[in-house]
Amino acid sequence: MLSAESLALIDKEIAKYPAEQRQSAVMSALRIAQVEKGWLSNELMDFVAHYLGMQPIAVYEVATFYNMYNTKPVGKHKICVCTNLPCKLMGADEIADRLKKKLGVEFGETTEDKQFTLVEGECMGACGDAPLLLVNNHRMESFLNEEKVNALLEELKNK
Amino acid sequence: MILQGGPVIFNTMHLPEPWKLSTYESTGGYSALKKILAEKTPAENIIAEVKTSALRGRGGAGFPTGLKWSFMPRQFPGDKYIVCNSDEGEPGTFKDRDIMRYNPHALIEGMIIAGYTLGAKAGYNYIHGEIFDIYEGMEHAVEEARAAGYLGDNILGSGFSFNLYNHHGYGAYICGEETALLESIEGKKGQPRFKPPFPASFGLYGKPTTINNTETLASIPYIMREGGQKFLELGKPNNGGTKLFSVSGHVEKPGNFEIPLGTPFSELLKMAGGIKGGRKLKAVIPGGSSAPVLPAEIMMDCTMDFDSIAKAGSMLGSGAVIVMDETVCMVRALERLSYFYFEESCGQCTPCREGTGWMYRVVHRIEHGQGRPEDLELLDRVAANIAGRTICALGDAAAMPVQGMLKHYRHEFEHHIEHKKCLVQSGAV
Amino acid sequence: MALNIEIDGQQIEVEPGTTVMDAAHKLGIYIPHFCYHKKLSIAANCRMCLVQVEKAPKPLPACATPVSDGMKVMTRSDYAMQAQKGVMEFLLINHPLDCPICDQGGECQLQDLAVGYGGSRSVYAEPKRVVMEKNLGPLVSTDMTRCIHCTRCVRFGQEIAGVMEMGQAFRGEHAEIMPFIDKTIDSELSGNIIDLCPVGALTSKPFRYAARSWELSRRKGVSPHDSLGSNLQIQVKNGKVMRVLPLENEDVNECWLSDRDRFSYEGLNSEDRLTKPMIRKDGAWVEADWQEVLSLVASKLREIQVKHGADQIGALAAPAQTTEEYYLLQKLMRGLGSGNIDHRLRQSDFRLDDKAHGAFWLGMPVAALNTLDRFLIVGSTLRKDHPLLALRLRQAVRHGAGMNLINPVVDDYLCKVANKSVVSPEGMVAALAGLVRALAESKGEAVPAMVVNANVTPEIKSIAESMSGGENKGIFLGNLAQHHPRYAEMHTLAQEAARLCGAALGVLGDAGNALGAVAAGAIPGRGAMGAQAVTGMNAAQMIASPRKAYILMGAEPEFDCHDPVAALAAMKQAEFVVALSPFKHGALDYADVLLPVAPFTETSGTYINAEGRLQSFNGAVKPLGETRPAWKVLRVLGNLLNLSGFDQDSSEAVRAEALGQDAQERMQRFMNNRVEPIHVSAAVPEEMERARLERIGEVPIYQTDAIVRRASSLQRTADAAPPVARASGMLLEKLGIQGGGMAIIRQGQGSIVIRVDRDDCLPANCVRLPGAHAVTASLGPLFGELTMERA
Ligand SMILES: Cc1cc2nc3c(=O)[nH]c(=O)nc-3n(C[C@H](O)[C@H](O)[C@H](O)COP(=O)(O)O)c2cc1C
Ligand code: SF4
Ligand code: FES
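Protein chains in written order, with this note's numbering: chain A, 54 to 212; chain B, 12 to 440; chain C, 16 to 806.
If you want it as structure tokens, here you go:
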């Protein structure tokens, strides 16, 4: 179900916790699984559950509780824009509108070519760099303006 | 974004590559730890030193750290844990990220000293999900410390062993609440626990646990190096030390500023370059989005410390200062904040699960011209029915912005309801 | 140190650790609540129980607030009421106002409390939340929009059922209580979440829309499906059982019921019900009246008695008939001069019959199971055979008890198993012998002669070590052991092991009223309470040497006997078979007379559970159609046969005659697990022998008895899926069979083609293949040799 590399990464996370607490690695395991597969299918969550000795529903609880897991398929690039107040004060809405217009989707939607999914995010703990967004959970783009957004989309399109 | 260095936390900032172990060591980093281990300093002495420093928790509640440490049953046989709360997700707060980015070893040293003091063999640092690059940086820093012999078995030949691990969140503000954070480390959804029992007796994996904020722990090396008295004197009585203030919103130079507690707000505003575009200051949320808003005139009279802000009717919280100029519509601002608490409620307890959505929807209606005359009273009542009745303080955190806004800006809400449009012309927000 | 507190002006002294809720309960003060449940962990999430506590800065949840000395609590002050009303308002804003169509209507905690605490009208003007339904399987129906997120159902799974099948997914207002996507709830205890749910989110699927709660009258009953005798609240409308709920009894079933106890009532209303006496005339079944049939039965029995001798008549009774019925049946048989009576239809080893000193029982009170430190289970599919005893043992393990197993199968026990020795059925005797030897050696006692050569495997050694420690200990023989062809030896060895380690010896008991049957004398050679009686044949002998006539009481030999093939053959060859049964069944093929007798809900009587507790009950409903209580039928039959002593006018009179006035005390004295040791052959089977394949034949949970087999919703659960064979990968490989592939299995004269699944927990030479099922009915006994090859 998962590559040897992913499993090795998961094992590394499991080693951080006491031996009888494998479940502690579930957040990392789901992240690693998602990085490899793009999203968390039922089978994948079931696999993680078995791997960590958890009930599948307990894994599902975790996967649906935290915002950054995709329990539905998403586009190749998931763009998450923070629109919380500090970012909003710095023009996050304009950035969001620009993205919506350029991609032709609303928040929560995926472009027809499955390249982009646009979502609304909550505070990312980086308000001093506003406005900002996250690409596929792990890459933050800060101090956004129109040019930066255009350039980012160009770059991602060609990836 | 600008960073203003200071003696306690950002003490490596003036050097190239401030995050490196060698840089940190060059400014006296890890000397406190070495001294403690070499002298086998008794835990009571360390706790006494922290008490002297008047260090108060930097995570929001401002609880005296020395006192908190004294609650830990240090003699309890078996595992104990120290947990660092780096799940900074309170809108407006972005200081812990910079601590981990620019001076990770101050935190690591602080955690090792805490572990030594509290009898913990292991520590976990819980890092906010959206700043994944910081998690990777911390992983690297921990490796560096381990390689240098500061972490692991028999540290520096002292017989003391301590391990430190990073655990990342993945998008849930509530995990900043300390017991939700523990649940999250245990591999569950982050729903807060009812207290009592408190983490000091029943914490991570049911073991005694002390939880502190990143900044709190990163302040420890300075206190142990320079002495609690010196730290205290940096600030003012009962508000010891310098503190990081994250200034965001309508200022010219948003960023983190390490300044003494008790610095006048006006000075902080000046450091941040003043109000953007030379406009007029309207209001400030002085301690992260949960803190009640304060109008400009009140704020300009405040000094930045726990007591002064509390006296003004708000709270210093995590030290996140959200600055709003005259173009801001308070109804819209509140709508966005209410949406945040509605989205981030963990869903466990009734008042918060049901009430946050209710408040958001009412504010949303008002903002969209569908407000009713009775809505403000309703908001007062719903907020009052949430506050103080929930398992964790998220309920209060959701109620306070509503209460604060209605206290100081009721007329804007009334205007919206009556005229179905905004009082503030050409609002940025 | 006791703490003094005051609640609503009343003083009370309580132990430290008591919560305000508990203390209030002791004072008889009701504090409204939803999430709190005395058997579950504290969640404190509903906030309904907020009360005022003097000096506290905010209202505190009574359920989670520990009492401190001198505390002053106000549960109904304005301050408290305001908090409670605030919570109630929140609970109602997203709750549909569909009480008129809700099955919980009339018994809904939310509805009840809303009357007292709700506002008169809702000021919530926003759209209400709607939540998708979930398919939890055939037993539990959902209306998740009504859910108030008390998480009782979730905690029940984690803490009581032992498996987390439900969870709370998503968060905040989007939170949903659900199982993992597309999964159903398969726990054998799932129905309890219906009771736990304080609103109408989880309701009974079989009961859905069948009646409103206030139309139902409530009768007490006792469940016949396992040896626990769960107390039932039988709910009745228009003479029909509509629903069964637990009747709380802390010493027996606490507040729980197994799904089998809860949903078996559907079997009572099944189409198979026999409602008129029937006679076979010229090969065809015709209805007849009672008078006519009973005369016919009487004259037929006389005729056979006269012609062939009384011992050509045999009586086989199902093990869950009432004690009164057993008593009259044995009296009738013995009156006719036959000692052939038995209820132990699935037992195959009767060598202890003249070695026992009383009735086999649990060896301790049911409630003592929770307090065990160490225990050993020998031969049991524990969770499925004894769902609620398993629950108690699980609680013991949660509290640190060590669980040990000697078993041919390994199922998921949903708790930590300290040590296990997994051996073939044949190997179980050797394993127990090894245990006795290990225990004797560790104690420094002389090793009993019968086990000097026994082999002590590492697993057995660990079990011996575990059982040597601890204070409260038990060794329990389960159903697989009781049905085992060498049960007598296992009992003997278990007795010795128990003595050596200071454990109680217990027999879990394979049926609802096995103890009642023994107490009433429905076994060969012994009358009521062990009185001497004419000897006769046991169940196996009556089948091995077929009789000319059989009386079947409740029994369906083709499912209920150890060897269904032989049993059926015996029935078919008989000259005369009379079946007393609530159902039409296989007897249609071989019987001559069918007599509709009342199931447990339609008659009065007494069950005696595994701990020896006498539980008498009255009929909950009138017998269906022309059905009669069996005790009355037997009484009339006795009279028609001119036997004396058949004029009891009530079941109470029968009971008094059978068990005496001080029945409970007598029962206490009568129960005894001690046996005179019998010869044990502890030799490990030879290599050659081990090449033989052994069958492990358990009785599936929903095949135990005639009522359960007809309970339609239970029959749609995962546990009721048609049996498959299971064998280890090693064996499958040797036989060239793919896991999941088809195989031909032969046992005795019979053969079936069946799917074989791989189960590497099984001993190498075993095939796990359940009995008591139509699929396997053409095979031989539950245990013994079989062959398997690729189909
Ligand atoms: C909803 C909520 C969110 C919180 N978020 C944070 C956070 O992001 N970081 C933090 O340090 N403390 C946060 N706290 C406070 C913690 O619960 C806890 O008080 C703190 O970590 C203790 O550390 P300190 O004593 O060093 O301040 C939050 C509390 C609540 C109720
Ligand atoms: S107040 Fe909100 S976030 Fe805190 S426990 Fe209750 S529902 Fe969860
Ligand atoms: S019963 Fe106390 S909070 Fe639910």
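Just so you know, even glycine gets a beta-carbon here, dropped at the ideal spot from N, CA and C.
Our two residues, Val35 of chain C and Gly134 of chain B, have alpha carbons roughly 35 Å apart in a direct line. Along the stretch 66-136 of chain C, the alpha helix (DSSP H) occurs as fully enclosed runs of 4 or more residues at 93-108 and 124-132, listed in sequence order. Near chain B, meaning a CB-to-CB distance below 8 Å, the residues of the stretch 97-125 of chain C are Ala98, Gly101, Val102, Glu104, Phe105, Leu106, Ile108 and Asn109.
Annotation: the continuous alpha helix (DSSP H) that includes His427 of chain B extends over Leu405 to His430. For ligand 1, no non-hydrogen atom lies closer than 7 Å to the CB of Ala152 of chain B.
Listed in chain order, the positions of the stretch 139-152 of chain B with a beta carbon within less than 8 Å of a beta carbon of chain A are His139, Gly140, Glu141, Ile142, Phe143 and Asp144.
Here DSSP, grouped into helix, strand and coil, assigns Arg361 of chain C to coil. Residue ranges of uninterrupted beta strand (DSSP E) with 3 or more members, entirely inside the stretch 287-337 of chain B and ordered along the chain, are 292-296 and 331-336. Taking 8 Å as the upper bound for CB-CB distance, Pro203 of chain B and Ile13 of chain B are not in contact here, some 35 Å apart. Legend: CB atoms of the stretch 62-90 of chain C lying less than 8 Å from CB atoms of chain B belong to residues Arg62, Met63, Leu65, Pro72, Lys73, Pro74, Pro76, Ala79 and Pro81. Spatial neighbours of Tyr146 of chain B in its own chain (CB-CB distance under 7 Å, excluding positions within 5 residues in sequence) are listed in chain order as Ile138, Asn177 and His179. Look at the beta carbons and you see the stretch 298-311 of chain B not touching the stretch 92-108 of chain A: under three pairs across the two are nearer than 8 Å.
Taken through DSSP and simplified to helix, strand or coil, Met686 of chain C comes out as strand. The alpha carbon of Val251 of chain C has as its nearest neighbour, out of C:Val636, C:Ser659 and C:Ile759, the alpha carbon of C:Val636. Contact of Ile57 of chain C with chain B is assigned, a C-beta pair being separated by under 8 Å.
Sixteen is the threshold: when 16 or more other Cβ atoms of the shown chains lie within 10 Å of the Cβ of His358 of chain C, as they do, the residue is buried. If you draw a 10 Å sphere on the C-beta of Glu99 of chain B, you find 16 or more other C-beta atoms in it, and that means buried.
Cβ proximity to chain B below 8 Å picks out Arg186, Gly187, Glu188, His189 and Ala190 from the stretch 186-197 of chain C.
Between Lys131 of chain A and chain B, the shortest Cβ-Cβ separation is not below 8 Å. For Arg227 of chain C, the CB contacts under 7 Å within the same chain, skipping 5 residues up- and downstream, are Gly120 and Gly121 in chain order.
Judged by DSSP in its simplified three-state form, Arg710 of chain C adopts strand. Nearest CB-CB separation between Glu230 of chain C and chain B: not below the 8 Å threshold. With fewer than three CB-CB distances shorter than 8 Å, the stretch 508-521 of chain C does not count as touching the stretch 433-440 of chain C. Contacts with chain C at 8 Å (Cβ-Cβ) do not include Gln76 of chain A. Across the stretch 160-176 of chain A, no CB contact with chain C closer than 7 Å is found for any residue.
Secondary structure of Gly394 of chain C (DSSP, three-state): coil. Beta-carbon to beta-carbon, Val695 of chain C and Leu508 of chain C are separated by about 6 Å, close enough to satisfy the 8 Å threshold.
For Phe591 of chain C, the enclosing beta strand (DSSP E) begins and ends at Phe591 to Ser596.
Within the chosen limit of 7 Å, ligand 1 does not reach the beta carbon of Ala184 of chain C with any heavy atom. Taking non-hydrogen atoms of ligand 2 into account, the C-beta of Ser356 of chain B is found less than 7 Å away from one of them. Here Trp80 of chain B is buried. Its C-beta has 16 or more other C-beta atoms within 10 Å. Along the length of the stretch 196-220 of chain C, whole beta strand (DSSP E) runs at least 3 residues long occupy 217-219, reported in chain order.
By the rule that beta-carbons nearer than 8 Å mark a contact, Val178 of chain C touches chain A.
If you compare the alpha carbons of A:Pro184, A:Tyr113 and A:Ile63 with that of Ile196 of chain C, the shortest gap goes to A:Tyr113. Ligand 2 approaches Pro203 of chain B closely enough that one of its heavy atoms is under 7 Å from the residue's Cβ.
Residue pairing from DSSP leaves Val145 of chain C without any beta-bridge partner.
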